[in-house]
Amino acid sequence: MRWGDMDAYGHINNVQIVRMLEEARIAAFGPPRGAGLPGIEPEVSLFNDVPEGTLALVVDHKIRYVRTLEYRNVPAVVQVWIGAVKGASFDIHYVVQDPVSREDCVRASSHLA
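Numbering (my numbering), first residue to last: 1052 to 1164.
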């Protein structure tokens, strides 16, 4: 978490939660092909085997704020996994936890197509 992620109420702003989900998704599965320069390969390179020119775009987010995520000077814990897989789309699920108490703060999913 970054100091700038905190809002006037002292907790991580809901807009910054969406950024955390994006960063967790990219860290877990890698960036889409053609995005940025090569770096360290993620453990699961989800986008490496898709044909050139194929895009996977986020078309929907569902976010449930279970409890506030207070600022801490350590990274939040984000669990990420693939959910439903269909012919031309799939879901990625997330749980964001307080890094100290390990309580669930956010449960979310992104639908990519």
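Glycine included, C-beta positions come from ideal geometry on N, C-alpha and C.
In this text the structure is predicted, and so the values were computed from the model without any measurement.
Backbone secondary structure at residue i - three-state DSSP
| i | result |
| --- | --- |
| M1057 | strand |
| A1107 | coil |
| A1139 | coil |
| M1071 | helix |
Residues bridged to residue i [DSSP beta-bridge criterion]
| i | result |
| --- | --- |
| Q1148 | V1128, D1155 |
| K1113 | S1160 |
| I1133 | I1143 |
Run of the alpha helix (DSSP H) containing residue i, from where it starts to where it stops
| i | result |
| --- | --- |
| R1123 | R1123 -> no alpha helix (DSSP H), and no H or E assigned at all. |
| I1063 | Here I1063 belongs to no alpha helix (DSSP H), and DSSP marks it neither H nor E. |
Supposed contact pair residue j and residue i - C-beta distance, whole angstroms, cut 8 Å
| i | j | result |
| --- | --- | --- |
| V1109 | S1161 | 5 Å |
| V1131 | A1075 | 5 Å |
| I1063 | L1120 | 4 Å |
| R1123 | P1082 | With 8 Å as the limit, R1123 and P1082 do not qualify as a contact, their Cβ atoms being about 27 Å apart. |
| A1135 | Q1148 | 23 Å between Cβ atoms; not a contact. |
| A1164 | S1140 | 4 Å |
| V1069 | Y1116 | Rounded, the Cβ-Cβ distance is 11 Å, inconsistent with contact. |
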